[in-house]
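Notes follow once the structure below has been shown.
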Ligand SMILES: C[S@@+](CC[C@H](N)C(=O)[O-])C[C@H]1O[C@@H](n2cnc3c(N)ncnc32)[C@H](O)[C@@H]1O
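Residue numbers (my numbering): 533 to 762.
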């Protein structure tokens, strides 16, 4: 298949590249949707033994506030007018993420993803964690393409034994956002690809994508997932 280019960036490829370096190559107002899952800045480490042994720490998951600030400003720059943006985060740093999000976008919802299966946490001292947040908003105004649903979304988390990344997101959820806030052929952007869940979801929904991921081993898995689709 002929390569499709946006400036010097190849579409539909998972680049092994630092996000700020990569995103600087994307022209202003050229992307149709951002669905992104950045490091949550919480030094995430699963309490489940299998996951702990399988995966290393997530890059830039501690004290990278400056990275997130610059990243969201760049997402604002590359998005076309009247488009949408979805940013995963957790309650731990919701105040920081919300402030930075609102610097760049009109916040419309804080969507609650009910993972239908709780994690561990402080077994005796806290309620069992079962949700994550997604900041949803607009650059300009973006209309939902499908039937309006409530802002608490039930979607099973991926079982630990099947994870290819410690914080892998279900494509079922990502595809819902992509269908709702973009059109076939649009470019979906995720600067923190992990093992390519956004890329896989975009392709399955007939969209193009641009993604970057810093860890080579995750890029390799992402490419395998994409190859398995064709
Ligand atoms: C929360 S995870 C994304 C997981 C992904 N949604 C999935 O389903 O596989 C964030 C990812 O960002 C990557 N990352 C961290 N800093 C980065 C940077 N400066 N540039 C590109 N990727 C980075 C990490 O290696 C990690 O894989």
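Ideal placement from N, C-alpha and C gives every residue a C-beta, glycine not left out.
Selected residue, minimal CA-CA separation from residue i, among the options
i, options, result
"residue 838", "606, 721, 592, 638", "Lying before the first or after the last residue shown, residue 838 is absent from the chain, which here runs from 533 to 762."
"residue 575", "724, 569, 568, 592", "592"
"residue 648", "688, 623, 595", "688"
"residue 623", "587, 701, 573, 657", "573"
"residue 636", "621, 667, 659", "667"
"residue 633", "596, 671, 716, 658", "671"
"residue 702", "675, 733, 542, 677", "733"
"residue 686", "650, 587, 539", "650"
"residue 596", "609, 571, 607", "571"
"residue 620", "752, 631, 642", "642"
Own chain residues within Cβ distance below 7 Å of residue i, not counting five before or after
i, result
"residue 567", "618, 706, 709, 710, 720, 722, 730"
"residue 663", "644, 645, 646, 647"
"residue 626", "665"
"residue 747", "591"
"residue 673", "614"
"residue 535", "542"
"residue 640", "668, 669, 670"
"residue 690", "700, 702"
"residue 751", "546, 548, 745"
Sub-8 Å separation of residue i and residue j beta-carbons
i, j, result
"residue 661", "residue 669", "no"
"residue 550", "residue 726", "no"
"residue 561", "residue 604", "no"
"residue 758", "residue 728", "yes"
"residue 546", "residue 745", "yes"
"residue 713", "residue 537", "no"
"residue 587", "residue 698", "yes"
"residue 602", "residue 552", "yes"
"residue 755", "residue 543", "no"
"residue 742", "residue 600", "no"
Cβ-heavy atom distance, residue i to ligand 1, below 7 Å
i, result
"residue 697", "yes"
"residue 598", "no"
"residue 638", "no"
"residue 724", "yes"
"residue 744", "yes"
"residue 592", "yes"
"residue 720", "no"
"residue 729", "yes"
"residue 694", "no"
"residue 748", "no"
"residue 567", "no"
"residue 614", "no"
"residue 700", "yes"
"residue 551", "yes"
"residue 691", "no"
Own chain residues within Cβ distance below 8 Å of residue i, not counting five before or after
i, result
"residue 736", "703, 707, 761"
"residue 738", "716, 717"
"residue 676", "712, 713"
Contact set for residue i: own chain, Cβ-Cβ below 6 Å, skip 5 residues either direction
i, result
"residue 554", "547, 744"
"residue 563", "610, 611, 719, 721"
"residue 594", "575"
At 4 residues or longer, and completely inside the region 544-632: list those alpha helix (DSSP H) runs for me, N to C. 551-555, 581-586, 597-610
Jot down the residue ranges of each uninterrupted alpha helix (DSSP H) in the region 669-732, minimum 4 residues, whole runs only, in chain order. 703-713
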